[in-house]
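Those protein sequence lines, which keep their order, are chains Y and Z.
Going by our numbering, the first sequence opens with residue 882, and the numbers climb by one from there.
Going by our numbering, the second sequence opens with residue 124, and the numbers climb by one from there.
Take a look at the structure set out below.
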Amino acid sequence: MEVPILKQGAVLIATFQAALSDADLNQLRSALVQQVVRFRSRGVIVDVTAMDVMDSFASRTLREIAHMIRLRGAETVIVGIQPEVAFAMVQLGLTLEGVATALDLEEGLAYLNQKFKTTK
Amino acid sequence: MAKRDESSELLRELVAHLRQNRTQLREEWVGRISETRLLTAMTKEEIFAEATSVYDSYVEALETETFEALQAYARNLSERIIPRGVETHEVVGIVLLLRDVLARSLFAKYQTDFKKLNRILDAYEPAANRIANTVAVGFVQERERVIRQQQEAIRELSTPVLQVRERLLILPIIGVIDPQRARQLTEQLLRGIRTNRAKVVVIDITGVAAMDVTVANHLVQTVEASRLLGATVIVTGLSPEIAQTLVTIGVDLGKMNTVGDLQGGIEQAERLLGYKVAALAEPS
């Protein structure tokens, strides 16, 4: 199942649907980096609102996405982690360290806009 | 097979007798209840009304030899009388009294036919015991349910999540935190962050005397989970003992934002949110 990636100005928005396989996650990682290069995006938002469980592979892939995109000079924000999912994640030690997070899409965009201003 | 038919027939005879003498037996029972000073929390009229329901349910259970209706009634009754302060021994007491009153009436009726009396009691006793059991267990289960509910309410009330500014929540923790309360606290906070769209949370633990390693870890996890929802946590009011615990378990203090007291914590939170507090002109 391919994750849709939308373009909003200098920002790319990838919205997870529930239950992504490992292959889907790998595919997303490649697609996002390619699109960042193609559109010269400055920011990426990964919206995981629909995810009701986060395992270690998904968590690692999200961190890899953030690192790879940073190598292209762009910033990644993960948004929409649900309270129950956040709780389960920290208990498993999956803290998404080094990756910016925000409550939802609106907050994610506000964060990126703020970042763009300070790194102009 | 024959024994079972005979038993059922005897029960039918028994039930008929109980129905026929309903008024008189019920009155006798209510009399015994006040004699033994049970159900003092209820008025005479209430006792009479409940006694009627219990008597009828009792007889019905004997007749149908099923106990689900009785169980449901017992729970329902318990729900009503527990808030009135009725105790377990009272409920068990009155059911046993009814059992005695009915047994005595059987002795009286069959006193000339000892053999028949024996057979009737063979049918009556197991059913009567099962009824007493059902009612008592129903009552106790309802009590336990109420206690659990009250404990849950106390836990929630004792840890309010308060919004003091747009995007700023305060969580004052007071008292003893056990792992269960810590978990409940975290869940409440995360829900609060989402509902109030908080960007900063100040967790004040001035009122917490001590914290064991498990709970300290819970605190760290709460901070991390809050970050995943895009909120920064400031912890204030750490006592020297708790500071010691945190250092001992090797908490990465880079991950935890701490400030001395609640006032300082709120001031820092306001700075993070871009607020500046300035005094107005002197009041006249």
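Every residue, glycine too, gets a C-beta built ideally from N, C-alpha and C.
None of the values given here were measured: they were computed from a predicted structure.
DSSP assignment within the stretch 196-257 of chain Z yields the following whole alpha helix (DSSP H) runs of 4 residues or more, N-terminal first: 211-232. In the DSSP assignment, ASP928 of chain Y is bridged to Y:THR896, Y:VAL960. Cβ proximity to chain Z below 7 Å picks out MET970, VAL971, GLN972, THR976, LEU977, THR982, ALA983, LEU984, GLU988 from the stretch 970-992 of chain Y.
In the three-state reduction of the DSSP assignment, VAL356 of chain Z falls in the strand class, which pools E and B. One finds nothing in chain Y with a Cβ atom closer than 7 Å to the Cβ of ARG278 of chain Z; even the nearest lies about 17 Å away.
Close partners of LEU352 of chain Z in chain Y (Cβ separation under 8 Å): ILE962, PRO964, ALA967, THR982, LEU984. Put simply, the backbone Cα of ALA912 of chain Y is about 21 Å away from that of ASP936 of chain Y.
Excluding the 5 residues flanking it on each side, TYR398 of chain Z has same chain C-beta neighbours closer than 8 Å at ARG288, in chain order. By the neighbour-count criterion, in which a residue is buried when 16 or more other Cβ atoms sit within 10 angstroms of its Cβ, ARG941 of chain Y is exposed. Here DSSP, grouped into helix, strand and coil, assigns LEU906 of chain Y to helix.
By the C-beta density criterion, PRO964 of chain Y is buried, having at least 16 other C-beta atoms within 10 angstroms. Taking ILE300 of chain Z as reference, the option from Z:VAL323, Z:LEU312, Z:GLU188, Z:VAL331 with the minimal CA-CA separation is Z:VAL331.
A distance of 8 Å or more separates the beta carbons of GLU945 of chain Y and LYS996 of chain Y.
Counting C-beta pairs closer than 8 Å gives three or more between the stretch 332-340 of chain Z and the stretch 358-365 of chain Z, which meets the contact rule. Close to chain Y, meaning a Cβ-Cβ distance shorter than 9 Å, are the following residues of the stretch 348-373 of chain Z: ALA348, SER349, ARG350, LEU351, LEU352, GLY353, ALA354.
Identification of chain Y residues near LEU292 of chain Z by a Cβ-Cβ cut-off of 8 Å yields none; the smallest Cβ-Cβ distance measures about 12 Å. Nearest CB-CB separation between GLU310 of chain Z and chain Y: below the 8 Å threshold. Just so you know, the alpha carbons of SER130 of chain Z and LYS232 of chain Z end up roughly 18 Å apart. For ARG288 of chain Z, the enclosing beta strand (DSSP E) begins and ends at 285-288. 8 Å or more divides the Cβ of ILE254 of chain Z from the Cβ of ILE296 of chain Z. In this structure, DSSP gives GLY989 of chain Y a helical state, which the three-state scheme calls helix. In chain order, TYR233 place their CB closer than 6 Å to the CB of LYS239 of chain Z, counting only its own chain and leaving out the 5 sequence neighbours on each side. The C-beta distance from GLN194 of chain Z to GLY261 of chain Z rounds to 5 Å, short enough to fall under 8 Å.
Between the stretch 889-903 of chain Y and the stretch 981-1000 of chain Y, the count of C-beta pairs closer than 8 Å reaches three or more; the two stretches touch. The alpha-carbon separation between GLY974 of chain Y and ASN380 of chain Z amounts to approximately 19 Å. The beta carbons of ALA348 of chain Z and PHE968 of chain Y sit closer together than 8 Å. Per the coordinates, the alpha-carbon of GLU168 of chain Z lies some 18 Å from the alpha-carbon of ASN199 of chain Z.
Under the Cβ distance rule, GLN303 of chain Z does not count among the residues neighbouring chain Y, no pair being separated by less than 8 Å. Secondary structure of LYS888 of chain Y (DSSP, three-state): strand. Around ARG266 of chain Z, no beta-carbon contact reaches into chain Y at under 9 Å, the shortest distance being about 31 Å. Of Y:VAL914, Y:MET970, Y:VAL934, Y:ALA904, the smallest CA-CA separation from ALA947 of chain Y is found for Y:VAL914. Not a single C-beta of chain Y is nearer than 8 Å to the C-beta of GLN286 of chain Z. Inside the stretch 291-337 of chain Z, DSSP marks whole beta strand (DSSP E) runs of 3 or more residues at positions 291-297, 323-330, from first to last along the chain. As the crow flies, the alpha-carbon of GLY216 of chain Z is around 13 Å from that of THR163 of chain Z. For VAL382 of chain Z, the enclosing beta strand (DSSP E) covers residues 380-382. Our two residues, VAL263 of chain Z and VAL209 of chain Z, have alpha carbons roughly 11 Å apart in a direct line.
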